[in-house]
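Single-structure report; data block below.
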Amino acid sequence: MVTAAETKPVTQAEVHDIALQGYCYLYPLVLMDVTRRQMTSIPAGKVPGFGPTNSFQHIRAYPPAEMRTVVRPNFDTLYSIAWVDVTKEPVIVSVPDTGGRYYLLPMLDMWSDVFAVPGWRTSGTGAKKFAVVSAGWSGNLPADAEKIESPTPHFWIIGRTQTNGPADYEAVHKVQDGFTVTPLSQVGKTAQPLEAKADPEIDPKTEPLRYVAQMPPEKFFAYGAELMKLNPPHSTDWSMLTRLKRIGFAPGKPFDLKQFDAATAAEFKRGTEEALKQMQAKTASIGQVKGCWSIGVDTMGVYGDSYFKRAIVALAGLGANQPEDAIYPISVLDSKGQVITGDKKYTLHFDKEHVPPVDAFWSVTMYDKEGFQVANVLNRFAVSSWMPLKKNADGSIDLYVQHESPGPDKESNWLPSPASGEISLTMRLYAPKTAVLNGDWLPPPIVRVD
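Numbered according to the working numbering, the sequence shown spans residues 687 to 1136.
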């Protein structure tokens, strides 16, 4: 049966709207692939986290104070990153016994959806093997490996291992060294990772976000269509794909604007430009504002047909966790609605019954206006629940955010701020409990005390 939509000519307004929606739909797929190609085109050891496919690249230390390459860096865990290819055969992802140490290995498909998270919360901390196969693969696997099916033939592992300060590095490195990726045909042999090969189409020095933003709209859609040859849409994408047919877009098929007259092609371009502007405008408000904090617990990590949310999360920070694994409340303003600045003094007061309800651990990290850590006399960029935080007589905890020391008896709870300029705080809650996930628990207000 032919529908009315198929027989009715597409209007310029429709082209604009479908281009806008289609750009958001395809954005994570295109950004993931550009990121993959760039990160796997550089030999291991030259750029942190970069290296050949089917091998873990480990970040061995926290970022130094002067580091300005990653916004809002993490001072709770060390990363182990791998781009994995199961196009030709499955791989065995092995993890060591971490001795109870918190870790997680979230696996993201090429649409940026998390499809499996081996780790402390799910599979425990004993030694494990996971056989990751492509969709529809059949064959024999090692008896001691648990099967995981990847929706796409390439996927990204963004592993994290709890690290209790620099003194913990040696122990964490042993855990990291136990993470391996082995193609099935190399099991029992010395695995040989694929070599990093320069990609002439991808500038290794251009940040993927900028590369994609500068991509001409026609090329962007053609790239997305080509990627969908290998990376099938999700089963819930039928309605979006049917809409895209109206502008001549189909997975695996060539796409160009020659089908449109100049005015309609201009509307297509305007639609894509508007999509990016809308995404950029929303990145600062992904979460819901609750008191002094913006908290994102809905539709993170797995997005269903929330394509706009998936796109803005990819733009703001590609590779988001599922909320069950970690939630990152970000400060907005202080308790009086004022911008938080380094020259003022603030406290965060946690009642004994209001300490962050997590199954793993929690932290608070401070950044400057641009989202970078600030050098200070303690070389401390975060306070965490693993630290010997001083409790008040009633069991409550006060954290001090200020430039000058709050006094020797309070320095264990001090988060040093710069002498001036705007600052922001990020709270990280690892394996948050139900009270966090359902919104019953909220972070305390950020109270100015001077």
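For every residue, glycine included, the Cβ atom is placed at its ideal position computed from N, Cα and C.
Check                                                                                                  : Outcome
Reduced DSSP category for L1004 - H, G, I as helix; E, B as strand; rest coil                          : coil
Residue interval of the beta strand (DSSP E) (run including M901)                                      : M901 -> no beta strand (DSSP E), and no H or E assigned at all.
C-alpha distance - M687 paired with D703, whole-angstrom precision                                     : Confidence is the limiting factor: at M687 the pLDDT is only 42, short of 50, which leaves the residue's position unreliable, though a coordinate-based value still follows. Computed Cα separation, rounded: 25 Å.
For S1049 and P1102, the rounded distance between their alpha carbons                                  : 14 Å
C-beta atoms of F671 and Q1059 nearer than 8 Å                                                         : Since the first residue of the chain shown is 687 and the last is 1136, residue 671 is not available in this structure.
Nearest-angstrom Cα separation, counted from D1045 out to V861                                         : 21 Å
Within 8 Å, strictly: CB atoms of L717 and V988                                                        : no
C-beta contact flag for I1013 and P1118 at 8 Å                                                         : yes
Segment contact flag, the segment 1072-1089 with the segment 1022-1041, C-beta cutoff 8 Å, min 3 pairs : yes
Contact check, Y1053 vs T1112, beta carbons under 8 Å                                                  : yes
Cβ shell of T950 (< 7 Å), same chain only, five flanking positions each side left out                  : Q698 and V701
Environment of G805 [buried if 16+ CB atoms lie within 10 Å]                                           : buried
Exposure label - E881; buried when at least 16 CB within 10 Å                                          : exposed
8 Å Cβ cutoff met for K1077 and K1096                                                                  : no
Which residues DSSP lists as bridging P1118, in chain order                                            : V1044
Closest residue to L1001 among D991, A967, G864 and Y765 (Cα-Cα distance)                              : A967
P714 beta carbon less than 8 Å from that of W797                                                       : yes
Which of helix, strand or coil DSSP assigns to K815                                                    : strand
Inter-residue Cα distance where the pair is T849 and F761                                              : 8 Å
Under 8 Å between C-beta atoms of R1134 and K1055                                                      : no
Span of the alpha helix (DSSP H) around R956                                                           : A948 to K968
A1121 versus G977: straight-line alpha-carbon distance, rounded                                        : 17 Å
Extent of the continuous beta strand (DSSP E) to which T755 belongs                                    : Looking at the DSSP string, T755 is not in any beta strand (DSSP E), and its letter there is neither H nor E.
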